[in-house]
Amino acid sequence: MSTAFGLLPKQDRTMSNKTNPKFTGINGHANGLNGKAYSPLSEDEEMPLSQTLPPSRRLKRKKTNYAESSSEDDTPLASSPAKQSASAAIAMPGAAAATTVQSSLASKSKRHAAKKEESDDEQVFKKSEKKKPARKKAKKEDQSSEDDKPLATPKPPARKRKLKEESDNDSSGEDEPLVTKPSARKAPAKKVKTEEGTESPAPKANGKAEENGKGKGRRKKKTEEEEEEVYRWWDVDPNADDSVKWSTLEHNGVIFPPPYEPLPARVKMKYDGKEVTLPLESEEVAGFYAALIESDHAKDATFNKNFFNDWKVILKKHPPRESVKITSFEKCDFRPMFDYFESEKARKKSLSSAEKKELKKAKDDMEAKYTSCLLDGRKEKVGNFRVEPPGLFRGRGEHPKKGTLKHRVRPEDITLNIGKEAPIPIPNMPGKWKAIQHDNTVTWLATWTENINQSHKYVFLAAGSSLKGQSDMMKFEKARELKSHVDRIRANYNGDLRSKLMAERQRATAMYFIDKLALRAGNEKGEDEADTVGCCSLRCEHVTLELPNFIIFDFLGKDSIRYYNRVQVEAQIFKNVRIFKDNKEDDDSLFDRVTTTSLNKHLNSEMKGLTAKVFRTYNASATFQRLLDENDLKNATLQEKLNAYNKANRLVAILCNHQRSVPKTHDQSMEKMRQKYRGLKYDRMKLRHGLFGIDSNYKRMDQYKDDESDIDDDWIVEYEDQLKAKEIEKAEKKFVKENEKLAEDNIKPQGESVLQERIKHMEEDFKRLAKERGKTVASVKGNKTPEKVMESIDKLTDRIKSFKLQMVDRDEGKEVALGTSKINYLDPRITASWCKIHDVPIEKLFSKTLQVKFPWAMDVDTEWKF
DNA sequence: TTGTTAACTTAGAACTTCCCTA
DNA sequence: TAGGGAAGTTCTAAGTTAACAA
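Numbering (the UniProt record's numbering), first residue to last: 1 to 866.
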């Protein structure tokens, strides 16, 4: 494997977003980050495939031949004599030129014979050797019939996800989790205040809340402090049945966005240079686009095409009043609308802070009742209680549907999930809910189906809620459980890398990538989605082999973020990928015998509840813990500790390929930093020269010369001019202020000559500086001893070093998003424990939101390890 | 066995607030 | 004290997973 990302040569780790191929999400955790080198190849493992397997049995397939060659594809690796020579060539290390051998498909009879020879593997082979389907077809477009259905009788969804943890309950000793399973949501809760100000009783000891969670007026009003008391779900009985998520649930539904507010009559878009008056319906959609004309979306042909097509449909029903026919996108000028939106933004921005506060309060008051719900009698925060407003679909990457119109969601679209006894909320816009259901095995409060991809939208509780917290904690516990299985699992897949069955060998190789590179599982995607891949859906074009043992990954992953990584792999992996790619087209699947389902099924057999995703969590958290532990921070300052933490965080983010777009002002701020950096070096140079001026016996300290090579004469002229201008400006301002002060005190102000005198002195100083240019001797202000000057030089050198580090840090981190791993992959207990060990306040590392999200992690002691 | 889908987590973009510097 | 940039928060798209229907 390659070195850690941060240590890679530049060409191997240049990063960039999306279309600009640069980001190199090198893991390196097998050597650099993780430090674990697995099973070094033994003599036996080095044995060419040709000696282990009859080479002629090697697979050959082409995408176009999938159908007719299916049975051929089922041939186990070791069973096709017809391809012996080709396989021998593949198997020879370094025999790259011989990897692609044209050969005809083996005959059925040969295949049959081969299968007979493989009697031992027959069963396995039959079960696993299935071809993967090509990209899924587009989902059914028209779901309107569903939408037009009358209010359905409340019924629970046909299918439901069964919790994995259920199966874990009966896990045998061998697979015992490291830590007692957390969870259990139905333990006694602290009293909470209901919306009306009454209190709900705590649920009964068995976890079931009193019917409907209501116990009005039974108890005295408690103080605010007590009401705010947190329900410590993580302290309660872990053996509760977690297929049931709640006993009682009360909420106020969702809040719909306000109706469309028409533009002032004077604001009109233009068509073919002339103003057009649009009816509300078409004006609203035009406005969606107008707001984006300065964004990248408006530069995208697909986005524009989809928007225009959808808008034309609206226009047909609601044409411009001038009876102009809008048929050409190019003739549309949305600028007047855009300008109006901008002016409105500016107007809102310019409001006084009191006015802004008032507006915010009105909004908060209006939303207040939707922000929380009563779950088993306890008040819990709701996450996305606002219904998504209509707009243009902002699909990422090359999503074929980006720009299409996302319809306004109405009550008729929404199904509520609520307790049986709870009052049904009334929508804040005209209409009736699509359906009401009382399913306590799911956690959502409301759902609807979006019109573009027919994807389901849900309203869930907030990240800080007990339900989310429990699930989060279980996620990390599952990842920790992997710790005690991972050696065995790795040994198993390392063994399978040489399996005679293609499916097993592919699966083992995929597992290797998932484990070492933290790749996602990679489900198949449909034609109506962006073409992105993960491990199982990698195509041949996404992996390039480079002798002797490098693999270059280059593909678009989730959110169309580019994954580029040049990785040094073990010989067997290299060999396998060569075999998998052989005789396939670029757009053929690399792992044609592996699906996410089959892979996860296998992982589950290795450890209960294990999926590809668990590996990502495990590797992120384990790597983070190890990196933190590697630091010696005994005498470190707070800043040094924070730097060490952020560095570990950054390495994990790189491992997981978490990118962000470069801040728009990045180049500008880097340039500022560079100027400041040079300025510091200039200051040191002057001190050095000054030191020599004071005492020529002092060394000129030429060790800094190279470091100061970017300070050339031209730059110095420019810099000193800037300095001079700044100093004069400063002096002028100071002079004005002094006079103002004097005027206030009724004292005669200073004359202009005072300022002129000061400026004259400054100019003399700068003239002296100009004379010293190009010389190695300079004057030093004040009566400084050489020792004092030396001291200043050392201090400056430290500042220069630290500033340089800051610059490098800023530049290298410009495309790395730290938040994603912190929120989703790093066990918060690692941070909590680390903070305690190093006496770092948690708020330095966890924002308020993160602290609310992870209350369950805060109690760990300093001994706790992931 | 395979495809579909419900339910959930993970993700970067977009927006908002905070804080530092001039 | 403004305003610019960073940090924090919200929004919603895009994944994963497993149950279930065909």
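A virtual CB, placed ideally from N, CA and C, is assigned to each residue, including glycine.
Here's a check: name, in chain order, each residue in its chain whose Cβ is nearer than 6 Å to the Cβ of residue i, leaving out the five neighbours to either side.
{"i": "Val852", "result": "Gly464"}
{"i": "Phe854", "result": "Pro828"}
{"i": "Pro257", "result": "Pro389"}
{"i": "Ser605", "result": "none"}
{"i": "Glu541", "result": "Asp586"}
{"i": "Val652", "result": "Ala620, Thr623, Phe624 and Ser821"}
{"i": "Asn492", "result": "none"}
{"i": "Glu504", "result": "Asp496"}
Roughly how far, in whole angstroms, is the beta-carbon of residue i from the beta-carbon of residue j, given that I think they are within contact range, below 8 Å?
{"i": "Gln750", "j": "Glu732", "result": "Going by Cβ atoms, the distance from Gln750 to Glu732 rounds to 12 Å, so no, they are not a contact pair."}
{"i": "Gly287", "j": "Met337", "result": "6 Å"}
{"i": "Ala290", "j": "Glu398", "result": "Contact doesn't hold; Cβ gap of about 24 Å is too wide."}
{"i": "Leu249", "j": "Leu375", "result": "6 Å"}
{"i": "Gly487", "j": "Arg539", "result": "Note on identity: in this sequence residue 487 is Asp, with Gly being the wrong assignment. Between Arg539 and Asp487 the Cβ distance is about 32 Å, and since that is not below 8 Å, they are no contact."}
{"i": "Lys270", "j": "Asp333", "result": "4 Å"}
{"i": "Glu261", "j": "Lys268", "result": "Going by Cβ atoms, the distance from Glu261 to Lys268 rounds to 16 Å, so no, they are not a contact pair."}
{"i": "Gly679", "j": "Tyr719", "result": "7 Å"}
{"i": "Gly522", "j": "Thr596", "result": "7 Å"}
List the DSSP bridge partners of residue i.
{"i": "Asp554", "result": "Tyr564"}
{"i": "Val459", "result": "Ala446"}
{"i": "Ile255", "result": "Arg386"}
{"i": "Gly391", "result": "Lys406"}
{"i": "Asp333", "result": "Lys270"}
{"i": "Ala435", "result": "Thr415"}
{"i": "Arg378", "result": "Leu375"}
{"i": "residue 867", "result": "Only positions 1 to 866 of the chain appear in this structure, which leaves residue 867 out of reach."}
{"i": "Ser589", "result": "Arg539"}
{"i": "Glu275", "result": "Lys270"}
{"i": "Val816", "result": "Gln659"}
Give every residue of the same chain whose Cβ lies closer than 8 Å to the Cβ of residue i, excluding the five residues on either side of it in the sequence, and list them in chain order.
{"i": "Gly813", "result": "Arg650"}
{"i": "residue 872", "result": "Nothing can be reported for residue 872: it is not among the residues displayed for the chain, which extend from 1 to 866."}
{"i": "Gly638", "result": "The question names Gly, but residue 638 in the sequence shown is Leu. Counting only Cβ-Cβ distances below 8 Å, and skipping sequence neighbours, we find Val840 and Lys844."}
{"i": "Asn304", "result": "Ala298, Phe329 and Gly403"}
{"i": "Glu546", "result": "Ile552 and Arg566"}
{"i": "Arg684", "result": "Tyr704, Glu708, Ile793, Leu796, Thr797 and Ile800"}
Out of curiosity, what's the CA-to-CA distance linking residue i and residue j?
{"i": "Asp528", "j": "Lys401", "result": "7 Å"}
{"i": "Gly609", "j": "Lys641", "result": "36 Å"}
{"i": "Gln806", "j": "Glu740", "result": "41 Å"}
{"i": "Asp629", "j": "Val459", "result": "39 Å"}
{"i": "Met607", "j": "Asp242", "result": "20 Å"}
{"i": "Ala462", "j": "Leu826", "result": "19 Å"}
{"i": "residue 869", "j": "Lys325", "result": "In the structure as shown, the chain begins at 1 and stops at 866. Residue 869 is therefore absent and cannot be evaluated."}
{"i": "Asp439", "j": "Val382", "result": "17 Å"}
{"i": "Asn619", "j": "Val285", "result": "46 Å"}
{"i": "Ser353", "j": "Ser372", "result": "28 Å"}
{"i": "residue 868", "j": "Asn576", "result": "Here the chain has residues from 1 to 866 only, and residue 868 is not among them."}
{"i": "Ala479", "j": "Thr617", "result": "6 Å"}
{"i": "Asp175", "j": "Lys483", "result": "Unreliable placement is indicated for Asp175, whose pLDDT of 31 sits below 50; the coordinate value is still reported in the next sentence. Asp175 and Lys483: Cα-Cα distance of roughly 11 Å."}
{"i": "Asn646", "j": "Leu315", "result": "52 Å"}
{"i": "Lys784", "j": "Arg768", "result": "18 Å"}
{"i": "Glu322", "j": "Ser282", "result": "14 Å"}
{"i": "Gly469", "j": "Ala435", "result": "28 Å"}
{"i": "Val569", "j": "Ser621", "result": "23 Å"}
{"i": "Phe766", "j": "Lys724", "result": "7 Å"}
{"i": "Ser295", "j": "Arg394", "result": "12 Å"}
{"i": "Val124", "j": "Leu590", "result": "Bear in mind that the predicted position of Val124 carries a pLDDT of just 31, short of 50, making it too unreliable to give a figure here."}
{"i": "Val777", "j": "Leu755", "result": "31 Å"}
{"i": "Ile654", "j": "Lys804", "result": "22 Å"}
Whose C-beta lies closer than 7 Å to the C-beta of residue i among residues of the same chain, with five residues either side of it excluded?
{"i": "Ile255", "result": "Glu367, Tyr370, Phe385, Arg386, Val387 and Asn428"}
{"i": "Ser847", "result": "none"}
**Prompt:** Taking only runs of the beta strand (DSSP E) that begin and end inside the region 471-551, which ones reach a length of at least 3 residues, in chain order?
**Reply:** For the region 471-551, whole beta strand (DSSP E) runs of length 3 or above, ordered along the chain, are 543-546.
Would you mind listing the alpha helix (DSSP H) stretches within the region 629-671 that are 4+ residues and don't spill past its ends, in chain order? Fully enclosed alpha helix (DSSP H) runs of 4 or longer: 638-655.
Complete alpha helix (DSSP H) runs within the region 725-798 (minimum length 4 residues, chain order): Along the length of the region 725-798, whole alpha helix (DSSP H) runs at least 4 residues long occupy 752-772, reported in chain order.
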